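In our numbering, the protein residues as written are 9 to 307. Using N, Cα and C, we set each Cβ at its ideal position, and we do this for glycine too. The structure presented is a predicted model; accordingly, all values stated were derived computationally and were not measured. Below is one structure; the comments refer to it alone.
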């Protein structure tokens, strides 16, 4: 009789310890900075300078369509016509039911791929952005953005890509839609401003065209939004954007197939003939972008 309560107490303590461990494993943590040189499984070729470059940005909603059905095959089908795609809301290897979605998409497309996480859970990269495509990447760096909430969208990645027989800088990001939106968009805008053309900013900015911060970015000399520049129809209440400078827009559009809760935005580009500018290095870009120190909360 005396031993039974003691065993019960130990069981309760053990259950509590296990419960705390499981809870801590599920808590979201932000990722830090990281850098590299190429995409995974990157094709070893430089795109032809005479061929237009087809790029796109797509928030894939973790592979779930408007019908709430997870179907990465459907997602991959929407990406087949593009040379370089920036992805948002991609699940990583911490999600056992849809393991490493960027890798899966790269495999289906027979293209290079790169997962760019901004959240970690279960001690693994869980959620973030990504890149797939057949455009060669020569350098990339993932830069944390100001954030007060881990479930925000807390990084931007600068990639040096090789097209038109020269480097084109591409920024891929997903901006928070709540508290941190203004600070993050301003930080990304500063980096984009500091890049010598040709350069591209793409991603879910969670910002509409009438937002003052976005208007300032669009108002910088040489910055073009392809849909507007070509007089094309834009998505209702557009928050996903491609902005370019130093490039000529040949065509642009959007596809809203229901494979995600966001449309895919695309543009077909060629090199603009203009005097060459001194290219910005990755180091100078980071130094030029003033980002306030912060300690993100955990929840």
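- Residue 192 carries a helical assignment under DSSP once its states are collapsed to helix, strand and coil.
- Assigned with DSSP and collapsed to three states, residue 199 falls in helix.
- Note on the segment 64-138: whole alpha helix (DSSP H) runs with a minimum of 4 residues are 80-85 and 109-117, in chain order.
- Under the three-state reduction of DSSP, residue 247 is assigned to coil, being neither helix nor strand.
- With contacts defined by Cβ atoms closer than 8 Å, residue 207 and residue 180 do not form a contacting pair.
- Between residue 76 and residue 264, the alpha-carbon positions lie close to 15 Å from each other.
- DSSP places residue 223 in the helix class (H, G or I) of the three-state scheme.
- Rounded to whole angstroms, the gap between the alpha carbons of residue 209 and residue 87 is 18 Å.
- In the three-state reduction of the DSSP assignment, residue 183 falls in the coil class, being assigned neither a helical nor a strand state.
- Between residue 242 and residue 73, the alpha-carbon positions lie close to 20 Å from each other.
- Distance check between residue 133 and each of 115, 191, 153 and 97 places 97 closest, using alpha-carbon atoms only.
- DSSP places residue 152 outside any alpha helix (DSSP H); the residue lies instead in the beta strand (DSSP E), whose first and last residues are 144-152.
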